[in-house]
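Please read the structure below before turning to the comments.
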Amino acid sequence: MNTRDLVLIALFAAIVVVLGLIPPITLGFIPVPITAQSMGVMLAGCIIGARRAALSFLLFVLLVAIGLPVLSGGRGGLAILAGPSGGFIIGWAVAAYITGLIAERVIRPGISEGRQLIGFFLASVVGGILVLYAIGVPWLSFVTGTPLVAAAGGSLAFIPGDLVKAGIATLAARAVYAGYPLLPARA
Amino acid sequence: MLTSLYVEGQTWFHRAPVRAKLIALLALSIALFATNSPLLLLPAFLLCGGLYFSLGLTLRQAFARVGVVFFTILVLAVVNLFLIPVPDVLALVLRLMALVLFAAAVTATTTIGAFMDEVTVLLRPLERLGLVRAADVSLALGLVLRFVPDIFARYQAIREAHRARGVPIRPLTIIGPLIILTLKDADTIAAAIDARGFRRQ
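Quick note, the sequences are listed as chains C and B, same order.
Using our numbering, the letters of the first sequence map in sequence onto residues 287 to 473.
Using our numbering, the letters of the second sequence map in sequence onto residues 2 to 202.
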């Protein structure tokens with residue numbers, strides 16, 4: 287790994303920490319407030335690519351584990367990882383990797399803006415929502431004993447908010463791609 | 002801005018070696034998931050709670066740290082009441098709360114330095130395989146701590162710029178510039194690290 291990659295990984299982890307300090311926004315039509323931090327997975331994958339995004343989130347989880355209050359609302363420490371939503375935090379690295387993998391395959395310099403937007407949105411939804419829930423929900427079901435079907439049904443309440451996040455992440459990723467492209471392209 | 006969750010103190014749990022505490026946490030999680038009996042889980046819960054509340058945290062601090070997690074656990078427990086038998090719900094709540102309390106106790110009594118020493122030990126097998134270098138992990142961690150205040154200052158500057166122009170503050174118009182401005186520094190920082198030979202490459 288070259289030094290630039292290492293720095294990008296660290297800087298993105300730091301950006302995710304700062305996103306946790308931004309006050310959450312509430313939208314009228316969605317029950318759960320949107321925290322900017324939870325967009326980090328989608329943003330990381332779409333902006334710095336699979337490998338660096340995954341390492342960035344492993345670093346971030348390390349920050350949580352060693353007791354730094356880096357999660358939104360000033361939370362952190364091993365207690366969060368041991369709690370019901372620990373799986374979502376552990377799952378971030380995998381989700382960022384899959385997001386990045388899709389983005390790297392779909393996005394190429396020559397393609398039209400519309401296709402870039404579709405590509406980023408697809409990557410954010412599959413990686414940042416599907417993969418993340420595929421890890422987080424069974425984990426929650428296991429530690430809390432809530433039957434899997436009920437846990438999955440309950441998390442549907444978060445899906446509208448997540449789709450809004452994917453939309454915002456798509457537009458932001460596209461803006462960064464236009465201004466300062468870092469996404470490694472793959473055939 | 003990023004103050005660790007470590008609490009100053011001289012209790013026996015502060016003095017216990019980190020590795021022992023982490024192994025105890027792992028062992029406890031396995032043991033607690035192996036039993037379903039409230040007769041075993043209740044004492045475990047009380048012991049973990051007693052330990053956590055004897056570490057020198059004020060009651061308010063102590064509750065603030067585990068409050069959100071406990072709230073989630075209780076909400077899920079209420080849902081569970083409709084789905085699974087009551088004794089099972091009780092066992093699940095006691096088990097999870099005991100685990101969370103013990104984990105919070107480990108976090109509150111271990112400094113970042115001590116954690117990093119253990120991380121270095123855990124990384125050693127990966128280091129031998131040539132997959133990762135422990136020094137790089139420490140460097141990346143240091144970079145994060147170094148740059149969070151800078152990036153936050155940048156966020157505030159962008160927010161002020163929005164206000165000055167009368168533009169509503171929306172995540173979309175903030176996140177793009179914030180990320181571009183931050184990542185553009187990567188080359189300079191990387192050059193600065195290499196120029197000083199920190200990574201000996």
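Glycine included, C-beta positions come from ideal geometry on N, C-alpha and C.
Task: Residues within the stretch 92 to 115 of chain B neighbouring chain C, beta-carbon criterion of under 7 Å - done: LEU93, LEU97, LEU100, VAL101, ALA104, ALA105, VAL107, THR108, THR111 and ILE113
Task: Where the stretch 40 to 67 of chain B meets chain C: residues whose CB sits under 8 Å from a CB there - done: ARG66 and VAL67
Open item on the list: Assess contact between the stretch 444 to 459 of chain C and the stretch 169 to 176 of chain B, defined as three or more Cβ pairs (one per stretch) separated by less than 8 Å. Is contact present?
Closed with: yes
TODO: Output, in sequence order along the chain, the residues in the stretch 125 to 142 of chain B whose CB is closer than 9 Å to any CB in chain C.
DONE: VAL133, ARG134, ASP137, VAL138, LEU140, ALA141 and LEU142
Task: Straight-line gap, ALA99/B to ASP89/B (C-alpha atoms, nearest Å) - done: Counted from its first residue, the second sequence places residue 99/B at position 98. Counted from its first residue, the second sequence places residue 89/B at position 88. Approximately 15 Å, taken between the alpha carbons.
Task: Chain-ordered chain B contacts of LEU292/C [CB-CB under 9 Å] - done: Here residue 292/C refers to the residue found at position 6 of the first sequence. Under the 9 Å cutoff, chain B gives ASP137, LEU140, ALA141, LEU144, ALA191, ILE194 and ARG200.
Task: chain C contacts made by the stretch 158 to 177 of chain B, where a contact means CB separation under 7 Å - done: PRO172, LEU173, ILE176 and GLY177
Open item on the list: For SER427/C, which residues in the same chain have their Cβ closer than 6 Å to its Cβ, ignoring the five residues on either side in sequence?
Closed with: Sequence index remark: in the first sequence, residue 427/C carries index 141 (1-based). These residues qualify, in order along the chain: LEU434 and ALA437.
Open item on the list: By alpha-carbon positions, which one of GLY372/C, VAL347/C, ARG337/C and GLY331/C ends up nearest to VAL429/C?
Closed with: Counting from one through the first sequence, the residue named residue 429/C turns up at place 143. Residue GLY372/C is the option with its Cα nearest to VAL429/C.
Open item on the list: Here's a check: name, in chain order, each residue in its chain whose Cβ is nearer than 6 Å to the Cβ of THR321/C, leaving out the five neighbours to either side.
Closed with: Taking the first residue of the first sequence as 1, we reach residue 321/C at position 35. So the list reads PRO310 and SER358, once near-sequence residues are dropped.
TODO: Please name the residue or residues paired with ILE320/C in a DSSP beta bridge.
DONE: In the first sequence, the residue the question calls residue 320/C occupies position 34. Answer is ILE311/C.
Task: Per DSSP, the bridge partner or partners of ARG66/B - done: As a first step, residue 66/B is located in the second sequence; it is residue number 65 there, counting from the start. According to DSSP, ARG66/B bridges with nothing at all.
TODO: Pick helix, strand or coil for LEU77/B, following the three-state DSSP scheme.
DONE: Residue numbering aside, residue 77/B sits at position 76 when the second sequence is read from its first letter. Helix, per DSSP.
TODO: Can you tell me which of the three DSSP states ARG361/C falls into?
DONE: By 1-based counting over the first sequence, the position of residue 361/C is 75. Note: ARG361/C maps to strand in three-state DSSP.
Open item on the list: For VAL423/C, would you say it is in contact with chain B, using Cβ-to-Cβ distances shorter than 9 Å as the test?
Closed with: In the first sequence, counting from the first residue as 1, residue 423/C sits at position 137. VAL423/C does not count as touching chain B.
- [ ] Leaving aside the five residues before and after THR121/B along the sequence, list all residues of the same chain whose C-beta is less than 6 Å from its C-beta, in chain order.
- [x] Residue mapping note: residue 121/B aligns to position 120 of the second sequence, counting from 1. Around THR121/B: ALA135.
- [ ] List in chain order: all unbroken alpha helix (DSSP H) runs of 4+ residues lying wholly within the stretch 362 to 411 of chain C.
- [x] 364 to 368, 372 to 392 and 399 to 411
Task: Secondary structure of LEU56/B, DSSP reduced to three states - done: For the purposes of this step, residue 56/B is taken as the residue at position 55 of the second sequence. Residue state, collapsed to three classes: coil.
TODO: State yes or no: is the beta carbon of THR4/B nearer than 9 Å to at least one beta carbon in chain C?
DONE: Taking the second sequence and counting its residues from 1, the one referred to as residue 4/B is at position 3. Output row for THR4/B: interface = yes.
TODO: Run down chain B in chain order and give the residues with a C-beta less than 8 Å from the C-beta of THR430/C.
DONE: As a position in the first sequence, residue 430/C is number 144, starting the count at 1. The contacting residues are ILE74, LEU77, ALA78, ASN81, LEU93 and LEU97.
Task: Range covered by the alpha helix (DSSP H) that runs through VAL122/B - done: In the second sequence, residue 122/B corresponds to position 121, counting from 1. It spans 113 to 129 - the alpha helix (DSSP H) in which VAL122/B sits, taken as one unbroken run.
- [ ] For SER441/C, I'd like the list of residues in its chain whose CB is within less than 7 Å of its CB, leaving aside the five on either flank, ordered along the chain.
- [x] The count along the first sequence starts at 1 and reaches residue 441/C at position 155. TYR419 and VAL423.
Task: VAL380/C beta carbon less than 9 Å from that of LEU367/C - done: As a position in the first sequence, residue 367/C is number 81, starting the count at 1. As a position in the first sequence, residue 380/C is number 94, starting the count at 1. Cβ atoms of LEU367/C and VAL380/C: not closer than 9 Å.
- [ ] Measure the CB-CB distance between GLY413/C and GLY335/C and report whether it falls below 9 Å.
- [x] Mapped onto the first sequence, residue 413/C falls at position 127. Mapped onto the first sequence, residue 335/C falls at position 49. Against a cut-off of 9 Å, the Cβ pair of GLY335/C and GLY413/C comes out as no contact.
Open item on the list: Taking the beta carbon of GLN11/B as the centre, do at least 16 other beta carbons fall within 10 Å, making it buried, or is it exposed?
Closed with: Taking the second sequence and counting its residues from 1, the one referred to as residue 11/B is at position 10. Classification of GLN11/B: exposed, given that the 10 Å Cβ count is below 16.
Task: Proximity below 9 Å, CB of THR111/B to CB of LYS22/B - done: Translated into positions along the second sequence, residue 111/B becomes position 110. Translated into positions along the second sequence, residue 22/B becomes position 21. Result yes, Cβ atoms of THR111/B and LYS22/B sit closer than 9 Å.
Task: Per-residue contacts from ARG361/C into chain B (C-beta, under 7 Å) - done: Your numbering for residue 361/C matches position 75 in the first sequence. Near ARG361/C (Cβ distances below 7 Å), the residues of chain B are VAL69.
Task: Contact set for GLY400/C: own chain, Cβ-Cβ below 8 Å, skip 5 residues either direction - done: In the first sequence, the residue the question calls residue 400/C occupies position 114. Taken in chain order, the list of residues that qualify is empty.
Task: Beta-carbon separation (whole angstroms), GLY465/C vs ILE181/B, contact threshold 8 Å - done: Translated into positions along the first sequence, residue 465/C becomes position 179. Translated into positions along the second sequence, residue 181/B becomes position 180. At roughly 5 Å, the Cβ-Cβ gap stays under 8 Å, so GLY465/C and ILE181/B are in contact.
- [ ] Identify the contact partners of TYR466/C in chain B, using a Cβ-Cβ distance below 7 Å as the criterion.
- [x] For the purposes of this step, residue 466/C is identified with residue 180 of the first sequence, where counting begins at 1. Per Cβ cutoff of 7 Å: ILE181, LEU184 and LYS185.
- [ ] Please state if the CB of TYR156/B and the CB of ILE308/C are separated by a distance shorter than 9 Å.
- [x] For the purposes of this step, residue 308/C is taken as the residue at position 22 of the first sequence. For the purposes of this step, residue 156/B is taken as the residue at position 155 of the second sequence. A contact, by the Cβ cut-off of 9 Å.
- [ ] Using only alpha-carbon positions, find the residue among THR432/C, ASP448/C, ILE388/C and TYR463/C that is nearest to VAL87/B.
- [x] In the second sequence, residue 87/B corresponds to position 86, counting from 1. Answer by Cα proximity: THR432/C.
- [ ] Kindly indicate if chain C contains any beta-carbon less than 9 Å away from that of SER38/B.
- [x] The count along the second sequence starts at 1 and reaches residue 38/B at position 37. Output row for SER38/B: interface = no.
Open item on the list: Tell me whether ALA162/B, by its Cβ, gets closer than 8 Å to a heavy atom of the ligand HEM.
Closed with: You won't find the ligand HEM in this model; it holds no ligand whatsoever.
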